[in-house]
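First the structure, in the form of structure tokens, and then the observations on it.
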Amino acid sequence: MPGDVTLSSPSRLPRWLARSSTPIRLAGLAVASLLLWLVLSRPSAPPRRLNERSVDNAPTHVSTPRLRQLKGTQRSGLGDRMQRACGEMDEPMTYWLDTFERMETGSGWCSSLEGGDHEKERLVKAASRQCGSWCIWDTSTEELAGWSLQTGDTGACFVGFRSPHHCDEWLSMRDKLLESE
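Those letters in the sequence shown? Residues 772 to 952, per this note's numbering, in order.
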């Protein structure tokens, strides 16, 4: 009829589609929609995470430029190991990491701990699970003991402590660490 309007004219469609029947058109549309849905709903890979923050689990390749976006401090030795385990994202963390670096280089007012290298390794292991803490609990012993960051005229240092101590205020942190082990 002269007044009838069609929604699409066969001349505007591709030749293969204009000649196809409606079920074939719908099947093609369904396949295209399914492929699009599969591509868009594909799960992304889960973020890569370390099971536990630890100096032993820290990557050994040079990934530190990404970790020290704020300061850009080039570290070496113990400072670098701790930076890879904990990251460096603000000024307090930079100060905390500087303490570990000075401990190894022997600069500052406390270049050695009372227990020597054995105590230093215990401190490093504990600190890698308590990144940025100024009171680091030693969970390798039953005693309420650890290391406290003390400041002096020439810098800062971790000094061993036993309870009672001002770090007892954060005793709940030790309990949480023991629960997670």
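Ideal Cβ positions, reconstructed from N, Cα and C, are used throughout, including at glycine.
- Just so you know, the alpha carbons of Trp867 and Asp946 end up roughly 23 Å apart.
- Here Ala798 is exposed, its C-beta having fewer than 16 other C-beta atoms within 10 Å.
- Contact between Ala897 and Asp909 is confirmed by a C-beta separation of about 6 Å, below the 8 Å threshold.
- In the DSSP assignment, Arg933 is bridged to Ala916.
- In this structure Arg852 is buried. Its beta-carbon is surrounded by 16 or more other beta-carbon atoms within 10 angstroms.
- For Val930, the closest C-alpha among the options Ala803, Ser911 and Leu894 is that of Leu894.
- In the DSSP secondary-structure assignment, Ala898 is not bridged to any residue.
- Taking C-beta atoms under 8 Å as the contact rule, Trp905 and Leu920 qualify, at a distance of about 4 Å.
- Counting the other CB atoms within 10 Å of its CB gives Thr922 a total below 16, which places it among the exposed residues.
- Here Thr870 carries a helix assignment [DSSP, helix/strand/coil].
- In this structure, Glu892 is the residue among Glu892, Leu800, Cys938 and Val802 with its C-alpha nearest to the C-alpha of Gly848.
- DSSP places Cys938 outside any alpha helix (DSSP H), giving it a letter other than H or E.
- Of Ala927, Val810, Glu890 and Ala803, the smallest CA-CA separation from Glu872 is found for Ala927.
- Residue pairing of Cys928 in beta bridges, as defined by DSSP: Gln921.
- For Trp808, the secondary structure class from DSSP, reduced to helix, strand or coil, is helix.
- If you compare the alpha carbons of Ala803, Glu859 and Ser911 with that of Glu952, the shortest gap goes to Ser911.
- Burial check for Thr793: the Cβ neighbour count within 10 Å stays below 16, so the residue is exposed.
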